[in-house]
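Chains A and B, in that order, give the protein sequences.
Under the working numbering, the first residue of the first sequence carries the number 573, and numbering increases by one thereafter.
Under the working numbering, the first residue of the second sequence carries the number 11, and numbering increases by one thereafter.
Read through the structure below, which is laid out as structure tokens, and then see the notes.
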Amino acid sequence: MAEITLVEAITLALAHEMKQDKDVVVLGEDIGANGGVFRATDGLLETYGPERVLDTPLAEAMIAGLSIGMAAQGMKPVAEFQFEGFIYPAMNQICNHAARIRNRTRGRLSCPAVFRAPWGGGIHAPEHHSDSPEALFAHTPGLRVVIPSSPARAYGLLLASIRDPDPVIFFEPKRIYRLVKQNVEDNGEALPLDRAFVLSEGDDLTLVTWGALVHECSAIVNAYHKQGVNIELIDLATISPIDFDTIAESVAKTGRCVIVQEAPQTCSVGSEIAACLAEQCLTDLEAPVVRVSGYDTVMPFLKLEKSYLPSVDRIKASIDEVLEYA
Amino acid sequence: MKKKVAEFDIEYYQFLDETGKPLSDDLPDFATDVELLTDMYRRMVLYRAFDKKAVVLQRTGKMGTYAPTMGQEAIGTGFGLLLEKEDVYVPYYRDYPAMFCHGVKLEEIYHYWGGDERGCDYQGPKEDFPISVPIATQCLHAAGIATAIKLRKQKRMVAVSIGEGGTSEGEFYEAVNVAGAWQLPLVFFINNNQWAISVPASAQTGAETFAQKGLASGLPCIQVDGNDILAVHHVSKLAFERARRGEGATVIEALTYRLCDHTTADDATRYRDTDEYNDSWKREPISRLRNYLVSLNAWNEEREIALEKEVNQEVEAAVERYLTVTPEPVEKMFEHLYETLPEAYENQVELAKIFGGKAHG
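Okay, structure coming up:
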């Protein structure tokens, strides 16, 4: 067992699944000899050849549309979009077709495809390289949206996504692609989809987040723990459908909840969680639910990027506000 | 220095003139295959009767909005009969003739426009895609299916259709491009019926033909008289054989005329010249083939009357099967959303059962 990064865990999961299922094919731009711009498909071409690792022409709608056709033939395409900001041309295919083909044919055809993309801000990339568009896809019935936050969860959730019989949007937090290493055993064991992960237990406040911000939130939880405040940290992991039961169970215990996300706030996944809490957990709540989000602005260019992303101080301020609410 | 580095041409095929008379003696072998030609004729007459009935069903409140196919029967029938069972057809929304040739049932299309998803659950061609409403998106699905077929080294092929207006979409170009780059076993049919709702073909492109849109992808491109079923069948055969030999894709532009409104929600008299419309009837495909069959002594009045009766019975039987099907229960909205419905949906299913069941009386 080796210590690997999140992006290496992606490669490991792809290689594992390509080895054990010949229907798994990866496709995308620069994913062959180049191994992907983040090297997520590094080495796959050498091992599995150009008929399993398809360098496509440069057209994102095409990558999605091809995947739908291949998936309808029983293949399991794992498509890479180079950045989440380039997935928009593919939304017609993903939302109008991938998400609907099973339903509109009453199960005759289906789309067991995975649409992967590096996601989120924080690497000082050019514009259009740092968005967090998970809510756009979470709002589309028929899709699953998954965002891992560690090498082990990237490995297990990607395996689960490839094996899932329905289309999965798999967003990879690029800021933590190489931030931490973790022991990941290549044992082919998938982690459950549609399940949130409780990363630390606590009675005082529920902190819900996903993606790269799990790391800031973990550090915050540790800091509060030293002051005697016990925060329950939930990594949402599957963004759609939301595992609201896990959140509700936690809030029944804590009565207080802060949601932290990179995406703009209005109509966000955090908004959905807050609405569910208001609808279903009102009597458990001892304080208003607070969302800490990116601003409702265009993702700024790199100089203001850090000012946009929820900072440790901003998250802490909201936690304090909710903890102090009487 | 200056030299020519690439050269292109577009060939146009037509065998029969407007009246069904051969333009020359140079006809394809099947031009005397009376059995095949009468089957083509029977089908075109049936499909037109199906189409007229669909408009009546919509007008009498028995079906939703419908996109008719009047005038375009020779295209889908001409190539549809060449599709083998194991081939895959990916249609645009005005090409029922090819769908029917490949085994889709008449009533399945009535169900589709009648607002029932079961109309896409074809009992015949299990791998064919349902009608694609978002324009040109189907071209990429066809390319994906062709990619799977090629990767698996199968001998099958894929056909896809699109209107001439649809070829203005980026996804058409993306599909044609990858079909060329990857030598996919795929044939594109552009049904150029001259009108994309209210916009004439001349406003869609500055090119002389729609066929040539495939040239930049390295594909052979052919233009054909889409009202001459002999010509459609002939060029389709060439393209299908090429695809089956693993030599790659072809783009075929079939010239025809939309002898109907865009849909039952459209009124083409708002934007289309009546003289042009009336004049186009002279070139319509069914009487052309009938005249040719008569010239071969393969058709007569008596057979015509018998056929009319036969197709009306067939259409009425399909209408009856369509009208006797009751709507699905409300929970069907959820049943095929995912292979297994996520737990998060439990409350919504219950809610729909309580309040949705009687929504339509």
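Positions of the beta carbon are idealized from the N, C-alpha and C atoms, including for glycine.
Treat the numbers as computed from the prediction; the structure is a model and nothing was measured.
Residue i - containing alpha helix (DSSP H), residue span
| i | result |
| --- | --- |
| B:LYS247 | 239 to 254 |
| A:PHE709 | 706 to 710 |
| B:ASN357 | 356 to 365 |
| B:ILE296 | 295 to 305 |
| B:SER290 | 284 to 291 |
| B:PHE110 | 106 to 111 |
DSSP state of residue i mapped onto helix, strand, coil
| i | result |
| --- | --- |
| B:GLN222 | helix |
| A:ILE659 | coil |
| A:GLU601 | coil |
| B:THR215 | coil |
| B:PHE89 | helix |
| A:SER812 | strand |
| B:PHE344 | helix |
| B:LEU372 | As shown, chain B starts at 11 and ends at 371. That puts residue 372 of chain B outside it, with no answer to give. |
| A:CYS839 | coil |
| A:ALA549 | Look at the range of chain A in this structure, 573 to 898, and you will see that residue 549 of chain A is not part of it. |
| A:ALA898 | coil |
| A:ALA631 | coil |
| A:GLN799 | coil |
| A:SER879 | helix |
| A:GLN665 | helix |
| A:ILE887 | helix |
| A:LEU584 | helix |
| B:SER208 | coil |
| A:THR826 | helix |
| B:VAL114 | coil |
| B:LEU351 | coil |
| B:ASP271 | coil |
Candidates the options, of which the one nearest residue i by Cα
| i | options | result |
| --- | --- | --- |
| A:GLU858 | A:LEU874, A:VAL801, A:ASP776 | A:ASP776 |
| B:LEU361 | B:GLU349, B:THR284, B:GLU345, B:GLU341 | B:GLU341 |
| B:CYS130 | A:CYS683, A:MET647, A:ARG688, A:ARG678 | A:ARG678 |
| B:ALA16 | B:TYR183, B:MET343, B:LEU229, B:GLU338 | B:LEU229 |
| B:ALA64 | B:ASN307, B:ASP283, B:GLY176, B:ASP271 | B:ASP271 |
| B:PHE139 | A:LEU616, A:VAL598, A:GLY637 | A:GLY637 |
| A:PRO649 | A:SER843, A:SER682, A:ASN675, A:THR869 | A:SER682 |
| B:GLY173 | B:TRP192, B:VAL209, B:TYR355, B:ALA226 | B:VAL209 |
| A:VAL780 | A:GLU804, A:ASN759, A:GLY800, A:GLY760 | A:GLU804 |
| A:PHE610 | A:ASN755, A:ARG688, A:GLY783 | A:ARG688 |
| B:VAL44 | B:TYR302, B:HIS346, B:GLU311 | B:TYR302 |
| A:GLU580 | A:MET634, A:PRO723, A:GLU706 | A:PRO723 |
| B:ILE20 | B:ASN237, B:ALA77, B:ILE232 | B:ILE232 |
| A:VAL894 | A:ASN664, A:TYR620, A:THR826 | A:THR826 |
| B:ASN187 | B:THR260, B:MET54, B:TYR51 | B:THR260 |
Residue burial classification, residue i (beta-carbon count within 10 angstroms, cutoff 16)
| i | result |
| --- | --- |
| B:ASP61 | buried |
| B:GLY256 | exposed |
| A:SER812 | buried |
| B:TRP123 | buried |
| B:ASN203 | buried |
| B:ASP126 | buried |
| B:ASP285 | exposed |
| B:GLN68 | buried |
| A:LYS594 | exposed |
| A:THR838 | exposed |
| A:ILE741 | buried |
Extent of the continuous beta strand (DSSP E) run through residue i
| i | result |
| --- | --- |
| A:ILE803 | 803 to 807 |
| A:LYS594 | Element bounds for A:LYS594: n/a, residue is neither H nor E. |
| B:LEU196 | 196 to 202 |
| B:GLU263 | 260 to 265 |
| A:SER865 | 862 to 866 |
| A:ASP627 | 625 to 627 |
| B:TYR99 | 98 to 100 |
| A:ALA574 | 574 to 576 |
| A:THR677 | Element bounds for A:THR677: n/a, residue is neither H nor E. |
| B:LYS329 | Looking at the sequence shown, residue 329 of chain B is not Lys but Val. No beta strand (DSSP E) contains B:VAL329, which is instead part of the alpha helix (DSSP H) from 311 to 333. |
| A:THR619 | Where A:THR619 is concerned, there is no enclosing beta strand (DSSP E), although the alpha helix (DSSP H) it sits in stretches over 616 to 620. |
| A:THR613 | No beta strand (DSSP E) holds A:THR613; DSSP gives it neither H nor E. |
| A:GLN645 | Per DSSP, A:GLN645 belongs to no beta strand (DSSP E) and is neither H nor E. |
| A:ASP856 | Looking at the DSSP string, A:ASP856 is not in any beta strand (DSSP E), and its letter there is neither H nor E. |
| B:ASP235 | 231 to 235 |
| A:THR778 | 777 to 781 |
| A:VAL770 | 769 to 772 |
Taking the runs of the alpha helix (DSSP H) that are 4 residues or longer, which of them lie wholly in the region 117 to 186 of chain B? 147 to 161
Mind listing, in chain order, the continuous beta strand (DSSP E) runs of no fewer than 3 residues lying wholly within the region 682 to 761 of chain A? 686 to 691, 716 to 718, 740 to 745, 754 to 756
Residue ranges of each alpha helix (DSSP H) within the region 14 to 73 of chain B, 4 or longer: 44 to 69
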